[in-house]
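There are 2 protein chains.
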Amino acid sequence: MSSSIANGTCEPLETGAAKRDAGHCAACTARNVSICQAMPDDCMGVLDSMASKHSIKKGETFITEADEANAVFNITAGSAKIYKLLGDGRRQIIGFLGTGDFLGLAPGRRYPFSAEAITPMKYCQFKRTRMETVFAEYPTMRRKILEIASNELAEAQEQMLLLGRKTAEEKIASFLLGRLQRAKALGGGGNSIDIPMSRHDIGDFLGLTTETVSRQFSKMKSNGLISLKGTSTVMLHDHDGLQTLASGY
Amino acid sequence: MSSSIANGTCEPLETGAAKRDAGHCAACTARNVSICQAMPDDCMGVLDSMASKHSIKKGETFITEADEANAVFNITAGSAKIYKLLGDGRRQIIGFLGTGDFLGLAPGRRYPFSAEAITPMKYCQFKRTRMETVFAEYPTMRRKILEIASNELAEAQEQMLLLGRKTAEEKIASFLLGRLQRAKALGGGGNSIDIPMSRHDIGDFLGLTTETVSRQFSKMKSNGLISLKGTSTVMLHDHDGLQTLASGY
DNA sequence: TGCTCGCTTTGACCCAGATCAAGGATCGGA
DNA sequence: TCCGATCCTTGATCTGGGTCAAAGCGAGCA
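Rendered as structure tokens:
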């Protein structure tokens, strides 16, 4: 619901609960932007002992749609995409995730999407059954998950508006502003944004083809709204202009 | 996460918690399909005293986008739509809700969507601040909310696939099967479904125009996939055919 | 340093679904 | 039951973005 619900303390309900020394998690660069922040410092060892840590290469799949949803994940470095497929291979990218992002929520027994690294990537994996134990002991963790789910839901609804009702140009403007917002939330200044995903991926995220994405980038370049540095860095020159496009006036 | 997380008991954490006699909620027809089922029977009076009950007419708005999100809602009779608007009035319907459905989750201080009755409707309204108190006392309620949010998230992702990648025909097939599934979940048998919303609303839900929705209905009628009884009852004659369309082969 | 393969851009053309227009059905209210 | 308003259906035409094709371009590798 509101973010205020994540403000409680994190005392274990059972006084006999293990409190180990903080392990590698304590040094994790993703810790302060991830779900792990809901864990009190002196209990970090509990998470550390539960997490299985992985490094994968660009293009590797780490969640497959319809597989049994036995684990949840926390990205500690790099970026990923999550997507769903239609029978004939048409693809919809549901979202792009980066450092600190949490994924793996599934309402049923199986994952409702696949996930693949779009850059070299690191993540922590937690068995779902063990997470349930943690939730029982540290209610703040469940609050944090609810906060995350609630945010994702609002984002998904915003994306539904985009997919159903915006033009190609408006979609691209919205996408660029979304990337900018994300960069700022992670502490980036300036008007320059990083686009680690391909034009094809952007198309599958916005409900467009590669060619249309490319044409819209070119159009915005010649309009002076943006300029490109290489193929994966975009400078936004007219934030207000993009904002007007994105909100559909 | 999984529905298993809603299986806990519902003992108040504070032993001194008020347990009042069950009030009107006890007789509520929506109770067993709503969030209220997470409340133990003998605590139902707590909810009852908190709920403000409303009846509204078709077409009335009960949530306005960007208003302060001070309450959450539970529909006890009738149907509603929730939607978002673009600056020039283009509309995307995010979902249709019916008896037992819960809404009002907002990740920030304001509602990210509007909500309007599509039939005469009844709902219970709970002040968010008071819900926080209930959550603190009855953890099962928060689990239930997480379960709901998680389900809605998966539905929203499925809808993103529909909006971004399905053809008009596939969208209509998916919509009809979705309605059928809902009818079955509420105990309806048979292949007949009720469509309380207008063609215009269906279009705004599927990212189509009224005319395209109408044409696809006509096409499916002449294909023998469906038939219409009046304008708001649809009989599905070929479930497998619709399923194949919906899954995009 | 140059090659190659995959990604991106651009161009020409096409089509699914939007738009514009006009009847036909349905429903609530007097 | 009649009337008006609203919703639904159908037809004609148009167009934004898809499809097909081919030429740049750049990062990684030998």
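Listed in order, the protein sequences are those of chains C and Y. Basically my numbering = 1-based index in the first sequence + 1. Basically my numbering = 1-based index in the second sequence + 1. Where a beta carbon is used, it is the ideal one built from N, C-alpha and C, also for glycine. It should be emphasised that the depicted structure is a prediction, and the values quoted were computed from it without experimental measurement.
With distances taken from CA atoms, which of C:M122, C:L226, C:A70 is nearest T245 of chain C?
C:L226
Going by beta carbon distance, what residues of the same chain come within less than 7 Å of L243 of chain Y, once the five residues before and after it are set aside? A174, L177, L178, L226, L237
Q: Would you kindly work out how many angstroms separate the C-alpha atoms of L163 of chain Y and T134 of chain Y, rounded to a whole number?
A: 38 Å
Practice prompt. Using alpha carbons as the reference points, say which of Y:G96, Y:K54, Y:S193 lies closest to F74 of chain Y.
Written response: Y:K54
>> In this structure, how does DSSP classify A23 of chain C when only helix, strand and coil are distinguished?
In response: In this prediction, A23 of chain C scores a pLDDT of 40, lower than 50, which makes its location untrustworthy; the coordinate-derived value is nonetheless stated afterwards. Here A23 of chain C sits in coil by DSSP.
I need the boundaries of the alpha helix (DSSP H) containing D195 of chain C, first residue and last residue. Run containing D195 of chain C: none in the alpha helix (DSSP H); it sits in the beta strand (DSSP E), 193-195.
* Asked: Any idea what DSSP makes of R1 of chain Y, helix, strand or coil?
  -> Residue 1 of chain Y lies beyond the residue range present for chain Y, which begins at 2 and ends at 250; the question has no answer from this structure.
Checklist entry - In terms of alpha-carbon separation, which member of C:C26, C:D195, C:N192, C:F114 lies closest to G101 of chain C? => result C:C26
**Message:** Checking 7 Å against the spacing of the C-beta atoms, do G79 of chain Y and T120 of chain Y come in under that value?
**Reply:** yes
Can you tell me which of the three DSSP states C125 of chain Y falls into? strand
**Classification of Q182 of chain Y by the beta-carbon crowding that lies within 10 angstroms, buried from 16 upward** = exposed
- Query: I161 of chain C touches chain Y at which residues, Cβ-Cβ below 7 Å?
  - Reply: Sequence check: residue 161 of chain C is Met here, not Ile. Simply Q93, I95, A157, Q160, M161, L164.
| request: Go ahead and label T232 of chain Y buried or exposed: buried means 16 or more other beta carbons lie within 10 angstroms of its beta carbon, across all protein chains shown. | output: exposed
query: For H201 of chain C, which of helix, strand or coil comes out of DSSP?
result: helix
Relative to the C-alpha of S35 of chain Y, which residue among Y:N71, Y:A81, Y:L104, Y:C44 is closest? Y:L104
- Query: Whose C-alpha, out of C:G109, C:R91, C:A81, C:P113, is nearest the C-alpha of D98 of chain C?
  - Reply: Reading off the sequence shown, one finds Leu at residue 98 of chain C, where the question assumed Asp. Looking at the Cα atoms, C:A81 is the closest of the given residues.
>> Considering just the uninterrupted stretch of the alpha helix (DSSP H) at I64 of chain C, what are its terminal residues?
In response: Here I64 of chain C belongs to no alpha helix (DSSP H); instead the beta strand (DSSP E) covers 62-64.
| query | Taking the C-alpha atoms as reference points, what is the distance between D89 of chain C and P113 of chain C? | reply | 17 Å
### Message
Looking at chain Y, is there any beta carbon in it that lies within less than 7 Å of the beta carbon of N152 of chain C?
### Response
yes
For R200 of chain Y, which residues in chain C fall below 7 Å Cβ to Cβ?
Within chain C, no residue comes near R200 of chain Y; the closest Cβ sits about 16 Å away, beyond 7 Å.
>> Please report the distance separating the alpha-carbon of D43 of chain C from that of I146 of chain Y.
In response: 29 Å
Check whether the segment 51-70 of chain C and the segment 125-134 of chain C are in contact - that is, three or more C-beta pairs closer than 8 Å.
yes
For a cutoff of 7 Å on Cβ pairs, would you count I203 of chain Y as touching chain C?
no
**Asked** So, are the CB atoms of I194 of chain C and A186 of chain C less than 7 Å apart?
**Response** no
Where do the ends of the alpha helix (DSSP H) carrying S50 of chain C lie? 45-51
Could you name the residues of chain Y that F114 of chain C contacts, counting a contact when the two beta carbons are closer than 7 Å? Q158
- Task: Would you please verify whether the beta carbon of P108 of chain Y is less than 7 Å from any beta carbon of chain C?
- Result: yes
> When DSSP labels each residue in this structure, what does K185 of chain Y get in the three-state scheme?
Replying inline: helix
Margin query: In whole angstroms, give me the CA-to-CA distance for R166 of chain Y and I64 of chain C.
Written below: 21 Å
Practice problem: Please decide whether Y250 of chain C counts as near chain Y, where near means a Cβ-Cβ distance under 7 Å. | Solution: yes
inquiry  = For M221 of chain Y, tell me which candidate among Y:P140, Y:K172, Y:F206, Y:V47 has the shortest Cα-Cα distance.
reply    = Y:K172
- Task: At 9 Å on the CB atoms, spell out the chain C contacts of L87 of chain Y, in chain order.
- Result: L162, R166, K167, E171, S248, G249, Y250
Expressed to the nearest angstrom, what Euclidean distance is found between the alpha-carbon atoms of G208 of chain C and A28 of chain Y?
46 Å
When you compare only the Cα positions, how much space is there between G249 of chain Y and F218 of chain Y?
18 Å
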